[in-house]
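In the working numbering, the protein residues as written are 51 to 371.
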């Protein structure tokens, strides 16, 4: 070992000894340490306070049970956190049990002790998954679907038979339209035209005045035979003249059966209006003369001609009720 190593070793020992001497020479800086007492640490497990939850009893529209009875029933079957039902209502009835009294149950409040470390829960009186008015274990949606499927009728397995088409419907529509047009033109009953022509001919050859008019009524039976002909009214001439015309018409048509349409299957009542008027061959009025004007007009057929009787008729018909 050389001198250098010996010197270093001696210096280190001197420093170490000096440090110990200094430590003993310095006074204690914390005199209150002697009065310090060690704090004892204790671990205490505190159970969580039970959660008080209020369950409002549902009042069904058609439910007749009072609210107090429903709240008591809900309290007797209170589910716990493990899914089991606890008889807290029954235990509360015993003296000194510390359960809820009748007033609290009537208000619809359900309380139950919880298990430390687990979360309490409450549910409807029918248990989890129970809908309003449904059996336990079925959700409201599933119950509604089940009721809907149960009420739905069975689907038909065969196609409904088509109704038979009426082949005569088109013909009836066409006939109805034609009948309406014929009735508007007075052609719905051809027999009425025959009767009107007969009265016109009798009026033309009668001794009635030149200017006269009369109305006749002709009654036809279901078979088309003439049952009666009478005078309804007249103007100009004697009544016997028009009564004679009525007798002649009935006699001429009594041997004939006139055709009746479907609308007149029970018979018909025909009214004929006849008007007689004296006119010149050109249609000018008798005794009218020439009209004075810068332009004279006349019909050469009237030159030297005599007035003639012109009879015009119109008729209407209605079925016998």
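Note that CB positions come from ideal geometry on N, CA and C, so glycine has one too.
What you are looking at is a predicted structure, and each value in this text was computed from that prediction instead of being measured.
Practice prompt. Taking 9 Å as the cut-off, decide whether the C-beta atoms of residue 321 and residue 277 are in contact.
Written response: Taking the first residue of the chain shown as position 1, residue 321 is located at position 271. Taking the first residue of the chain shown as position 1, residue 277 is located at position 227. Their beta carbons are not under 9 Å apart, which means residue 321 does not touch residue 277 by this criterion.
Worksheet entry | Beta-carbon contacts of residue 398 that lie in its chain and below 7 Å, excluding the five residues immediately before and after | Outside the displayed span of the chain (51 to 371) sits residue 398, for which this structure offers no information.
Discussion item. Which same chain residues end up closer than 7 Å to residue 300 when comparing Cβ atoms and leaving out the 5 residues on each side of it in sequence?
Written reply: Counting from one through the chain shown, the residue named residue 300 turns up at place 250. The residues are 276 and 279.
Fill in: Test item: CB-CB of residue 328 and residue 360 under 9 Å
On the chain shown, position 278 is the one that residue 328 refers to. On the chain shown, position 310 is the one that residue 360 refers to. Yes, the pair counts as a contact, with Cβ atoms nearer than the cut-off.
Item to complete: Under the assumption that residue 324 contacts residue 263 (Cβ atoms under 8 Å), give the Cβ distance between them as a whole number of angstroms.
Response: For the purposes of this step, residue 324 is taken as the residue at position 274 of the chain shown. For the purposes of this step, residue 263 is taken as the residue at position 213 of the chain shown. Contact between residue 324 and residue 263 holds: CB atoms are separated by about 7 Å, below the 8 Å threshold.
Worksheet item: Between which two residues does the beta strand (DSSP E) carrying residue 324 extend?
Response: Residue mapping note: residue 324 aligns to position 274 of the chain shown, counting from 1. Start and end: 318-329.
Discussion item. For residue 303 and residue 319, what's the separation of their Cα atoms in angstroms?
Written reply: Translated into positions along the chain shown, residue 303 becomes position 253. Translated into positions along the chain shown, residue 319 becomes position 269. Going by the C-alpha atoms only, they are around 15 Å apart.
Item to complete: Please name the residue, chosen from 55, 64 and 261, that lies closest to residue 287 on a Cα-to-Cα basis.
Response: Mapped onto the chain shown, residue 287 falls at position 237. Ranking 55, 64 and 261 by Cα distance to residue 287 puts 261 first.
Item to complete: List the whole-angstrom C-beta distance separating residue 310 from residue 205, where the pair is believed to meet the contact cut-off of C-beta under 8 Å.
Response: Counting from 1 along the chain shown, the entry for residue 310 is found at position 260. Counting from 1 along the chain shown, the entry for residue 205 is found at position 155. Actually they are not in contact, since the Cβ atoms of residue 310 and residue 205 sit about 56 Å apart, beyond 8 Å.
Discussion item. Is the beta carbon of residue 253 closer than 9 Å to that of residue 326?
Written reply: On the chain shown, position 276 is the one that residue 326 refers to. On the chain shown, position 203 is the one that residue 253 refers to. Yes, the pair counts as a contact, with Cβ atoms nearer than the cut-off.
Worksheet item: How would you label residue 239, buried or exposed, when you count the other beta carbons within 10 angstroms and need 16 or more for buried?
Response: The residue labelled residue 239 in the question sits at position 189 within the chain shown. Buried, by the Cβ-count rule.
Worksheet item: What's the gap between the Cα of residue 90 and the Cα of residue 61?
Response: On the chain shown, residue 90 is found 40 positions in, with the first residue counted as 1. On the chain shown, residue 61 is found 11 positions in, with the first residue counted as 1. Rounded to whole angstroms, residue 90 to residue 61 spans 47 Å at the Cα level.
Practice prompt. Could you spell out the range, first to last residue, of the alpha helix (DSSP H) harbouring residue 280?
Written response: Within the chain shown, numbered from 1, the residue matching residue 280 stands at position 230. Note, residue 280: premise wrong, no alpha helix (DSSP H); beta strand (DSSP E) at 276-285.
Practice prompt. Could you name the residues of the same chain whose beta carbon sits closer than 7 Å to that of residue 296, not counting the 5 residues immediately before and after it, in chain order?
Written response: The sequence position of residue 296 within the chain shown is 246, counting from 1. Contacts found: 266, 279, 280 and 281.
Fill in: residue 270 burial status per 10 Å Cβ neighbour count (16 or more: buried)
What you label residue 270 is simply residue 220 of the chain shown in a count that begins at 1. Answer is buried; the Cβ neighbour count reaches 16.
Discussion item. Which complete alpha helix (DSSP H) runs does the segment 192-246 hold, if anything under 4 residues is left out?
Written reply: The qualifying runs are 219-235.
Discussion item. Quick check: what's the CA-CA separation for residue 257 versus residue 228?
Written reply: One-based indexing of the chain shown puts residue 257 at position 207. One-based indexing of the chain shown puts residue 228 at position 178. In this structure, the alpha-carbon of residue 257 lies about 41 Å from that of residue 228.
Discussion item. Helix, strand or coil for residue 270? Go by DSSP, reduced to three states.
Written reply: As a first step, residue 270 must be located in the chain shown, where it is residue number 220. Per DSSP, reduced to three states, the secondary structure at residue 270 is strand.
Item to complete: With DSSP as the reference, please indicate the residues paired to residue 265 in a beta bridge.
Response: Counted from its first residue, the chain shown places residue 265 at position 215. In DSSP, residue 265 forms a bridge with 283 and 323.
Discussion item. Quick check: the Cα distance between residue 284 and residue 293, rounded to an integer number of angstroms?
Written reply: By 1-based counting over the chain shown, the position of residue 284 is 234. By 1-based counting over the chain shown, the position of residue 293 is 243. Going from the Cα of residue 284 to the Cα of residue 293 covers about 10 Å.
Worksheet item: Quick one: does residue 73 have its CB under 9 Å from some CB of chain B?
Response: Judged by its chain identifiers, the structure shown contains no chain B, having just a single protein chain.
Worksheet entry | Residues sharing a beta bridge with residue 363, DSSP | Translated into positions along the chain shown, residue 363 becomes position 313. Note: residue 363 sits in a beta bridge opposite 324.
Worksheet entry | The alpha helix (DSSP H) enclosing residue 72, as first and last residue numbers | Here residue 72 refers to the residue found at position 22 of the chain shown. Run containing residue 72: 53-75, per the alpha helix (DSSP H) assignment.
Discussion item. Which of the three DSSP states is assigned to residue 315 in this structure?
Written reply: Stepping through the chain shown from its first residue, residue 315 is reached at position 265. Note: residue 315 maps to coil in three-state DSSP.
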